[in-house]
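Visitor: Let me give you the structure first, and then I'll get to my questions.
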Amino acid sequence: EWKPNPAIKPHKKRSWYLAWKYKLMNQRALRKLCQTGAVLFLLVTVIVNIKLILDTRRAAYEEEEESAQDYDDELLNVEVARHPVSNKKVLDVEVYSSRSKVYVAVDETTVLEDEAREQGRGIHVIVLNQATGHVMAKRVFDTYSPHEDEAMVLFLNMVARGRILIFTIKDEGSFHLKDTAKNVLKSLGSQVAPFLSWRDMWTFVGKKGGEVYGEKHAKSPALSTWGDPVLLKTEVHLTSVEDAECHWPDTELNRRRKRFCSKVEGYGSVCSCKDPTPIEFNPDPLKDNKVFDVPVAVIAGNRPNYLYRMLRSLLSAQGVNPQMITVFIDGYYEEPMDVVELFGLSGIQHTPISIKNARVSQHYKASLTATFNLFPDAKFAVVLEEDLDISVDFFSFLSQSIHLLEEDESLYCISAWNDQGYEHTAEDPSLLYRVETMPGLGWVLRKSLYKDELEPKWPTPEKLWDWDMWMRMPEQRKGRECIIPDISRSYHFGIVGLNMNGYFHEAYFKKHKFNTIPNVQFKNVESLRKDAYETEIHRLLGEAEVLDHSKNPCEDSFVPDTEGRVYVMFIRMEQEADFTTWTQLAKCLHIWDLDVRGNHRGLWRLFRKKNHFLVVGVPASPYSAKKPSSVTPIYMEPPAKEEGAVAVPAVAAAEQT
Amino acid sequence: MQKINKNVVLALLSLTSLVFLLFQLYYYKFYLSQKNGAVLSKVRGGQLGQDSTKWHVVRKFLGLISSHNIPVYLIDPLILGLVDKDIEQIRSSPDGPSPECKYFCAPRDFTTFAVLDKTWKHEAGLFRTAEKMGFQWLKIINKDPRLDGMDDLSGIEIPLHYIFKLASHAIHLVIFYERSGNYLWHGPLRLKKHMDRKFVPFRKLHFGRYPGAYKKPELLLVSIDDLKVQIPKNPSSFLEEMSHSRFLECRYREARAFFQLYPDDASLDAVEFRKKAKSLLHLAALTLNNLGVKFWLSSGTCLGWYRQCNVIPHSKDVDLGVFIKDYKADIIPAFQKAGLPLKHKFGKVEDSLELSFQGEDDVKLDIFFFYEEVDHIWNGGTQAKSGKKFKYIFPKFTLCWTEFVELRVHVPCETLQYVEANYGPDWKVPVKTWDWKSSPSNVQYNGVWPVDEWDDVIQIY
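Protein chains in written order, with the UniProt record's numbering: chain A, 1 to 657; chain B, 1 to 461.
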C-alpha cells in the first residue's frame, strides 16, 4: 500500500514552484503587470538620472558663479607657446662669412643675420649652450678698429668651458686683430686665426676647451678685394644638462644666478662654478641718508654687459636703496632684463618710439614720467645711464647736496659729472662748483621742474633732438645752474653707443677722473647757494695770483711748479657767447672743447699741477673787474679752416648714450 | 521556451534598474547632505558666536607678519564695525586683557588686512614660513596701473591681493599703492584662467570687486581680543570712505586711439593753458576739500578726462559739479581767500545756482550746482543779458574716484551716460565752437527770471 513519505517534501516544494511559475505564465494580466512595473522602474530611473544630472550641474554652476562671478579676468592670458623640448643630441650648424653678409643658422633657425650696409663689420661671435643649443650670447667685435680685439679676448675668457663658440667675419676683421687675440683663437683650436689677414673671410665652430667642429677660410687675393664668401656646415653634439650647470648651494640668490647663467654668457665669474662673484653687495649704509627715498631711474638700451657693470657699481655704492631702483629698457630685449633680474631689481621695457636721438629722447621722457608715477611721493629722481660707473660715495655726495636743490630756486640740477674733470684738471674730492651747463651723466632732477616745465613741452617724437641738448637750451634752463663735484662721481665707460665710438671715447672720456674715496665730506656746500657762491668767487679771485700773461697758456710752464695755490688768468671774451679763446685753450689743455662746458658767468675753474686754476673771460664776465689794468687778456686764434674741419660738431652731445 | 527567456530578461532588467535607482538615490542624498551639512555647520558656528578658530588664524597670521616686520593694518569692515561701537573703551585701554573673544571670533569668512606697497617686501621667505605654519596662499597680480597712462611701457605685473587660508578661515591681504595725487589705491581682484576658483568664496570678499581709492589713513595700535593690531584711527570714517571708494581708471587706450585720430595740440598756448588749468584745478580741489564740499569733474573737464585723459586745450575753463545739498555759504569767501575772486553768480540756492571764479589770466572756474529729482538730476544756466534760464538734464548718477592731472577727484561713475547726455552721441569728435545755450544735447529752455529778482540772480563782477 502506498504511504505518503515525508521525504517527498522537496519534491512537493519544487512542484509548488513550478506550479507558481506555471500559474504566473498562464496569468497574462499578472505578466503584463510585471512588465509595466519594469518599464516604470526604468522610467523612474531615467527621470531620477536626469534630475540628478541637472541638479549637480546647477549646483556646480552656482558654486562657481558664487565663487568668482565678478572676479574673472576679462583679459585672457594667452599662454605663450613653449618650444617643444627637443631630445635631439646633434645640432646642425651653418655659418656664412662674406664681405656684405654674415649669417648663422642652428638647426635651420637663423640666429644671426646681418647684411646691413656699413654696419656689423668685424668678427661676429655666438655662444651656444652645449646642452640645449640655445644662443647665450651674440657679439660683434669690430676688430678693424683698435682695442676691439682686447674686448673680444676679454669676452672669450669669460665664456665658461664647454660652451660652443661660433665665429664669422663680416667685411674686415683682421686689421687691428693683435697677436694676443690671435693666440686666444688659436688656443680654441683655430688653425687659421694666426694667419688671418686683410679682408680674409673666415668661419669657425668649436667647443671652448674641447673639440673643433669645423673651420673654413678664404684668403683675399689682393688688397683691394675681399676673399670669396665661405659657408661652413657642421654638426655639434650636445651634452647633458647636468654637465652644463654648476652646483651652487640652493639659496634665493643662487636660484637667480642659475636662471641667469643658463640663459646668457659673457659675464665671467658671476657664473663660475667655484666661488662665483657675489650678486648682493650690502655696502655700508649712510648715516643720515637724505636720498634713501629718492627713486633711481637707470636708462638702458640693449647693452646688457654695460648694464651689468653699471648695476654692480651702483649696488656697491654706499647708501644705495635697491628698492628705489628701476631700470628702463628701451626695447623688448631679453638680456638686459635678465641682468636686471639677476640683481633682483625691477625693470620696465619700453616700446621704441621714433628713431636715433629722438628715440633716446622719448625713452627718457617715458622713463622719467614712469618714475614719478611709481614714486608719487618723491620730490626728486636720480637719473643714471647704463654706461656709467657709480662712485662709492655717489649717494653720500647727493645726500650732502640735495637740500640745495630743494631750497635754491636758481639751481637746475645736481650732477655727478664734471665735464672738465680730467686726470690732469681735477684734484679736490671735497670741492663742488656751480656751472651753467647741464652735464647729465648721473644727475638729480627735481620733480617740479620735470612736471611743471619739461614734461609738457618735451620734444615730440618727430623732432630728432637730443634730450640733453634740449635741456641745455636757454628756453628750458632759464639761467639756472647745476652743482657738480670737481672730481666726478660717475665714470663714462661706454665705447659703443649712438654718438660714441672708440676714438671719441679715448679722446674725451678715458682720462676722466673718477672718485674712489668713500665718505668724502664736502667742504663748501653752503657756499653753493646763489649769493654765497658769488661771495666765495670774489674771495677766491681776491686771493688768486695773476699768472704771467706773456707766456703761452698751453705750455706746462705757464703755471708755476707749486701745489695748492690759486692762480687766475684772463682770456678775451667779447660778449657772453664769445668762446673763441676758451675753445682754443680747452683744446690745448686736452679738456672738453666740442662745446662750452663748466662755465659760471664767464669763469672756469679747474686744476693745473695741483693748483686751483681760474680762467676769466674779459670783458664779458662780471669778474673782469678783478683784472689788473696792466694785464692784457690772452687771445687765441682759431685754427685755419682746414684744421677746423676736424672738429666734429655732430658729436657735441656725444657723452649721452 | 521563448517566453521564459523573455521573462528572465525582464526580471534581470528590473533588478539592474532597481540597483541603479537605489545607488542613484543614495548618491543624490549623499550629495544633498554634504551641501546642507556645510550650511548647517555655518549656522551653528554663527549661533555660538564664539569661534576660536578664526581668532587662532588671525593670531597666527599676525605672528607671521610681525616676524617679517611687515606693518599691516586691519580694514575688515565687519570687525571695524564692531570695534567702532566700543572705540572709546578700546582707545582708553590699549593693553587691557579682554574677558571674551568679542571681535575676532565674530562669524565671517574672511579677515581683511591692508599693507602699503612700500612696506611690503616681496620676499619668498615669508611664504615659506607661511607654508610651514600651514597656510595655503594665493597671490593675485595684474598690470601696474601707474604705468597704464604711459604710451608704451610694459612693466612687471604687481601683486594686488594675497589670500592666506588656514583651516576654515582665510586672511585677505590687500596691497595699497601710493599714486600721484596723494592717495592710496588698491586693485581689483581678478582671477586668471588657471586659478583655483574655489580657493575661497571670492564673492564674499569685501575688497576687490572694484579698485578703490582711499586717503592715507592715520593708524592706531590697539589691543583687541588680546591681539595687538593696527586699525584706522577713526573706524567709522574709514567705513564711510570704504562705501564710496570705487575707483575708475582713465581710459588710456581709448585716449590713445583718440589722439591717433586727432593729434594732440602741442602748441605753446595749449601747453600753457593746460598748465594753468591744472594748477587751477589743484587750487579748487584744495579749497573745496578743506570745506568738505564734495565735487566732481563736469562738462568739458569731464569730457577731457573721459575722452583724452587730459585737459582739452581749447576748452578755456575748468568745470566742476556740486550737489546743491552740499552747498555752503563759505564757498565764495574761501575761493576769494585762495586768490580766486568771484566773477559771476547766477541763480540762487533754491534754483539754478552757478558760480564762476576768475583764475589766473582768463582761465575761469565754473561751479555748477546740481539738483536731484526723483528720476533725473539737473543743473541750470542763465543768460546774463536776457535773464533767460536754461536747464541741463542728466540721468541719475553716483560718484567714483579717479585720477586726473595728478589729483584724486570724483567723476560720475556712469560717465558715458553723463557725457552723452551733455554732448550727444558724437562726443568723440572734438568741437571747437560751443554754445552753452544751444550746443548741449540736454539743454532745455526754462523760462525767464522775474525782472525783480535780477539783482539777486544775475550778479556779475
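No residue lacks a Cβ here, since even glycine has one placed at the ideal position from N, Cα and C. All of these numbers come straight from a predicted model, not from anything done at the bench.
Shorter than 7 Å from the beta carbon of B/M242 to some beta carbon of chain A?
Guide: no
Visitor: When you compare each of A/E215, A/K219, A/R199 to A/S190 by their alpha carbons, which one comes out closest?
Guide: A/E215
Visitor: Evaluate A/R161 with the Cβ neighbour count: other Cβ atoms within 10 Å of its Cβ, from every protein chain shown; 16 or more gives buried, anything less gives exposed.
Guide: exposed
Visitor: Answer with yes or no whether the minimum CB distance from A/H350 to chain B is below 7 Å.
Guide: yes
Visitor: Taking 7 Å as the threshold (beta carbon to beta carbon), is A/A300 in contact with chain B?
Guide: no
Visitor: Between the C-alpha atoms of A/M473 and A/F509, what's the straight-line distance to the nearest angstrom?
Guide: 23 Å
Visitor: Below 7 Å between beta carbons is the criterion; list the residues of the stretch 258 to 289 of chain B that meet it against any residue of chain A, in chain order.
Guide: A266, V271, R274, K275
Visitor: For A/L411, list the residues DSSP reports as bridge partners.
Guide: A/L411 pairs with A/E481.
Visitor: Show which residues of chain B have a CB atom less than 9 Å away from the CB atom of A/G37.
Guide: What A/G37 touches in chain B: S14.
Visitor: Among residues of its own chain, excluding the 5 on either side of A/P638, which ones have a beta-carbon nearer than 8 Å to its beta-carbon?
Guide: T580, T583, Q584, G644
Visitor: Buried or exposed for B/K42, please, with buried defined as at least 16 other CB atoms from any protein chain shown within 10 angstroms of its CB.
Guide: With a pLDDT of only 42 at B/K42, under the threshold of 50, the placement of this residue in the model should not be trusted, and no figure is reported.
Visitor: DSSP three-state call for A/V140: helix, strand or coil?
Guide: If DSSP states are grouped into helix, strand and coil, A/V140 belongs with the strands.
Visitor: What residues match up with A/V95 in a beta bridge as DSSP calls it?
Guide: A/V104, A/L232
Visitor: Can you give the beta carbon distance from A/Y213 to A/V236, rounded, assuming they're within the 8 Å contact cut?
Guide: 5 Å
Visitor: Which first and last residues belong to the beta strand (DSSP E) in which B/C400 is found?
Guide: Counting along the chain, the unbroken beta strand (DSSP E) around B/C400 starts and ends at 399 to 404.
Visitor: Report yes or no: do the stretch 346 to 358 of chain A and the stretch 424 to 433 of chain A share at least 3 C-beta pairs separated by less than 8 Å?
Guide: no
Visitor: At 9 Å on the CB atoms, spell out the chain B contacts of A/D377, in chain order.
Guide: Neighbours of A/D377 on chain B, chain order: K118, E178, N182.
Visitor: Taking all protein chains shown into account, do 16 or more other C-beta atoms lie within 10 angstroms of the C-beta of B/H194, making it buried, or fewer, making it exposed?
Guide: Looking at its Cβ environment, which holds fewer than 16 other Cβ atoms inside 10 Å, B/H194 is exposed.
Visitor: Is A/N373 close to chain B, meaning its C-beta is less than 7 Å from at least one C-beta of that chain?
Guide: yes
Visitor: Please report whether the beta-carbon of A/S346 lies at a distance below 7 Å from any beta-carbon of chain B.
Guide: yes
Visitor: Could you check which residue in B/E157, B/I331, B/I70, B/S92 has the C-alpha nearest to that of B/K118?
Guide: B/I70
Visitor: For A/A19, does the count of other Cβ atoms within 10 angstroms reach 16, so buried, or fall short, so exposed?
Guide: Classification of A/A19: exposed, given that the 10 Å Cβ count is below 16.
Visitor: Taking the runs of the alpha helix (DSSP H) that are 4 residues or longer, which of them lie wholly in the stretch 49 to 103 of chain B?
Guide: 52 to 67, 77 to 85, 87 to 92
Visitor: Would you say B/A213 reaches chain A, if we count a Cβ-Cβ gap shorter than 7 Å as a contact?
Guide: Not closer than 7 Å to any Cβ of chain A, the Cβ of B/A213 fails to qualify, so no.
Visitor: Assuming B/F390 contacts B/V443 (C-beta within less than 8 Å), just tell me the rounded distance between them.
Guide: 5 Å
Visitor: Taking C-beta to C-beta, are A/T251 and A/A131 nearer than 7 Å?
Guide: Contact flag unset, no.
Visitor: Strictly under 7 Å for the Cβ-Cβ distance: is A/L441 near chain B by that measure?
Guide: Chain B has no Cβ within less than 7 Å of the Cβ of A/L441.
Visitor: So with Cβ pairs under 7 Å, would you call A/A370 a contact of chain D?
Guide: The structure shown contains no chain D; its protein chains are A and B.
Visitor: Taking C-beta pairs closer than 8 Å, name the residues in chain A that B/I156 reaches, listed in chain order.
Guide: S346, G347, I348
Visitor: With DSSP collapsed to three states, give me the class of A/A68.
Guide: Confidence at A/A68 is low in this model, with a pLDDT of 47, below 50, so the placement of that residue should be treated as unreliable; the coordinate-derived value is given next. Residue state, collapsed to three classes: helix.
Visitor: If A/V320 sits next to A/P295, beta carbons under 8 Å apart, how far is it from one beta carbon to the other, in whole angstroms?
Guide: The pair is not a contact, with the Cβ atoms about 12 Å apart (cut-off 8 Å).
Visitor: Around the C-beta of A/C271, are 16 or more other C-beta atoms found within 10 angstroms, so that it is buried, or is it exposed?
Guide: buried
Visitor: For B/K198, tell me which candidate among B/A170, B/S279, B/D319 has the shortest Cα-Cα distance.
Guide: B/A170
Visitor: Output yes or no for whether 7 Å exceeds the beta carbon distance between A/I164 and A/V104.
Guide: no
Visitor: Beta-carbon within less than 8 Å of B/V19's beta-carbon, same chain only, minus the 5 sequence neighbours each way: which residues are those?
Guide: none
Visitor: Can the beta-carbon of A/P485 be found less than 7 Å from the beta-carbon of A/L432?
Guide: The criterion of a C-beta distance shorter than 7 Å is satisfied by A/P485 and A/L432.
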